[in-house]
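Notes follow once the structure below has been shown.
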Amino acid sequence: MILPTENPKLVLREEGDRLVVDCLSKERFVFPRSNCALLPITNTTAEMIAEYLAHRVREDLVK
Numbered sequence: 835m836i837l838p839t840e841n842p843k844l845v846l847r848e849e850g851d852r853l854v855v856d857c858l859s860k861e862r863f864v865f866p867r868s869n870c871a872l873l874p875i876t877n878t879t880a881e882m883i884a885e886y887l888a889h890r891v892r893e894d895l896v897k
């Protein structure tokens, strides 16, 4: 599961080996922590993931 850490409508917290996602809409989701990838983006759209990855690749190439 790819989850955005910068989304103001989500609260992510680790509870042992689980990741709990609380939504402002009052929904709650629980995932195994080992199945989650947390990205510093606001949403997990294809465009935002591509932009994030492009910036990471660019940073690595500049080094």
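So for the sequence shown, this note's numbering puts the first residue at 835; every next one is plus one.
Every residue, glycine too, gets a C-beta built ideally from N, C-alpha and C.
Owing to the predicted nature of the structure, the values given are computational and were not obtained by experimental measurement.
Comparing alpha carbon positions, the residue from T879, E885, E848 closest to F863 is E848.
N869 is not a Cβ neighbour of P838, given a cutoff of 8 Å. Restricted to the stretch 841 to 896, the beta strand (DSSP E) segments that are unbroken, complete and at least 3 residues in length are 844 to 849, 852 to 857, 862 to 866, 871 to 873, listed in chain order. The beta carbon of F865 sits closer than 6 Å to those of M835, L853, all from its chain and outside the five residues before and after it, given in chain order.
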